[in-house]
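Counting the sequence shown from 1 gives a position; this note's numbering is that position plus 29. I have placed the structure first, in the form of structure tokens, so that the comments after it can refer back to it.
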Amino acid sequence: MKKAFTLVEIIIVIVIFALLSGAILRTYTTITKIAFRIEQDKELAKEVLILSQVLHNIAEEATIDYEKYQAKGIDLKQGKGITDTLYLTGGMRTGTEIASVGDCEKSSNLYTSSYQTEKSDFSGCKLLLTKEYAPDTAITLLGNGNINQSKMKFKVIPYLPNNQQDSEIDIGKPGFRILGSIYSAFYNPQRRENKSVFPIQLFLGLQGKTPNIYDIN
């Protein structure tokens, strides 16, 4: 003859079921958060890869427009090559400039634990490539979709032409570094699943002809 479940046994079963359900829910929530973080990291890595490919294509025929820096009154020597705008010349790249526009966050601020995501909206910050003769046809290199970018800085190398170098080593073709960070539009350092930020530290050697690198005064 089958025994009926007692009240105590029913309560025990309910408690066990509740504990298992809670554990399963916590596991599911954790997995969901991890998956969301992974997707954000993948998007950031994809953006950096695309940017790198675009800049490499530009570098194949461009060189630093030292004359433009002089015309703009920008002293690369004083800033040791650090500049907000990259001026390029050479072939179809003549008159090209790359710079961040809009209200942009400083890259260093993103890595502080006290960073407040609500303090300002930086979604309008973009990295643009523009042509001097067609300023209305700017190309957005960074700043689309759910990806935000910090203000990008460039380091021109060398920041002096060869005839002004202290070293006797022939520098040859110039290059540049692009420095900054990109981060998720959901970025919040207080929440692990939204802590997606990717530093950008790319170096590109320029392959364009550089006749003026040796004779600029």
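Ideal Cβ positions, reconstructed from N, Cα and C, are used throughout, including at glycine.
Close beta carbons around residue i, own chain, < 6 Å, minus the five adjacent residues each side
i: lysine 224; result: Pro218
i: serine 136; result: Ser179, Gly209 and Ser210
Rounded C-alpha distance that separates residue i from residue j
i: threonine 169; j: isoleucine 53; result: 44 Å
i: lysine 202; j: serine 81; result: 19 Å
i: isoleucine 103; j: tyrosine 140; result: 30 Å
i: isoleucine 93; j: aspartate 165; result: 23 Å
i: glutamate 197; j: lysine 101; result: Confidence is the limiting factor: at glutamate 197 the pLDDT is only 48, short of 50, which leaves the residue's position unreliable and the question unanswerable from this model.
i: isoleucine 176; j: leucine 156; result: 12 Å
i: serine 129; j: alanine 64; result: 31 Å
i: lysine 184; j: tyrosine 95; result: 13 Å
Residue span of the alpha helix (DSSP H) that contains residue i, given as start and end
i: glutamate 96; result: 95–100
Residues near residue i in its chain [Cβ-Cβ closer than 8 Å; skip 5 each side]
i: glutamate 90; result: Gly119, Gly120, Met121, Arg122, Gln236 and Gly237
Residue i: first and last residue of the uninterrupted beta strand (DSSP E) it sits in
i: leucine 156; result: 155–160
i: alanine 91; result: First-last for alanine 91: undefined, no H or E at that position.
i: glutamine 230; result: 226–234
i: glutamate 126; result: 125–130
Buried versus exposed, by CB contacts within 10 Å (16 or more), residue i
i: threonine 125; result: buried
i: tyrosine 162; result: exposed
i: alanine 88; result: buried
i: glycine 172; result: buried
i: serine 152; result: exposed
Top-ranked residue by Cα proximity to residue i, from the options
i: glutamate 76; options: Leu117, Arg221 and Ile229; result: Ile229
i: aspartate 70; options: Phe227, Leu117 and Glu134; result: Phe227
i: serine 158; options: Lys109, Glu72, Val83 and Ser50; result: In the sequence on display, residue 158 carries leucine and not serine. Among Lys109, Glu72, Val83 and Ser50, the Cα nearest to that of leucine 158 belongs to Val83.
Cβ neighbours of residue i in the same chain (closer than 7 Å, five flanking residues each side left out)
i: glutamine 107; result: none
i: phenylalanine 232; result: Gly204 and Arg206
i: lysine 256; result: For the chain, the structure presents residues 30 to 246; residue 256 sits outside this window and is missing.
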